[in-house]
Structures are given as C-alpha cells and as structure tokens.
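One structure is given below, encoded as structure tokens.
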Amino acid sequence: MKIEVVRREKNELEFYLEGEDHTFANLLNEVLHENKHVTFAGYTIEHPVLMARKPKFRVVTDGKVTPEAALEEAAQRVFDRARAALEAWKAATES
C-alpha cells in the first residue's frame with residue numbers, strides 16, 4: 038500500500054491509495070464516516086481496468102481535526118477491528 042497525495046488544503050485532502058481496491062477502500066470510507074468531524078469522505082476508481090488498484094479518496098473535515106488525523110483514527114479503528122476479529126476466530130477454533 039502506498040499513499041500518493043494529490044491535493045492538500047486546510048480541511049481537505051485528496052490522495053490515491055495505491056495497491057488497494059474496493060474491498061479496503063470501502064471499509065476505510067465507512068470508518069471515516071463514523072468520525073463526527075468528517076463532513077465528507079468518498080472514493081472513486083477512475084478507470085476500472087487501468088486504475089483498478091488505485092482508488093482516489095477525498096476527505097473533508099470541519100476543521101476541528103485535520104484530514105490526516107481523521108485518517109489516522111480510521112486506520113487505527115480498522116486495525117483494532119481486524120485484531121478483534123482475529124481473536125474471536127482463534128477463540129472459536131481453539132475451543
């Protein structure tokens with residue numbers, strides 16, 4: 038995974054998330070929407086064949102947090118949920 042920043046303004050960030058597709062992009066987008074300071078979060082895949090693994094995100098906040106901080110929080114939430122799922126899976130299969 039690689040992040041390529043396209044545009045950065047005060048409360049707005051546009052970037053490509055190289056190496057990912059709809060699976061992770063949709064998850065990240067949903068978790069971003071859980072943040073009350075995120076006023077807009079969305080992504081597109083500009084060309085389904087040429088850009089299939091390079092979603093372009095746009096994140097806008099209300100100014101109380103930066104888009105970068107919102108992304109860090111969302112990434113941590115995704116990580117925590119994945120860890121909880123792994124622990125639940127281990128508990129279910131080791132019993």
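Residue 109 in the working numbering sits at position 72 of the sequence shown; the count goes up by one each step and never skips. Glycine included, each C-beta is placed from N, C-alpha and C at the ideal position. Because the structure is a prediction, the values reported are computed rather than measured.
CB contact check: A111 to chain C, cutoff 8 Å: Among the chains of the structure shown, chain C does not appear; only one protein chain is present.
Start and end residues, beta strand (DSSP E) containing R95: For the purposes of this step, residue 95 is identified with residue 58 of the sequence shown, where counting begins at 1. Unbroken beta strand (DSSP E) run through R95: 93-98.
Between the CA atoms of A112 and A128 - distance to the nearest angstrom: Sequence index remark: in the sequence shown, residue 128 carries index 91 (1-based). Sequence index remark: in the sequence shown, residue 112 carries index 75 (1-based). Spanning the two alpha carbons is a distance of roughly 24 Å.
Reference E55, options K39, F61, E49, closest by Cα: Within the sequence shown, numbered from 1, the residue matching residue 55 stands at position 18. Selected option, being the one with the closest Cα: K39.
Nonlocal neighbours in the same chain, by C-beta distance under 7 Å from K101, ignoring five residues either side: Stepping through the sequence shown from its first residue, residue 101 is reached at position 64. Within the same chain, K101 has close Cβ partners H74.
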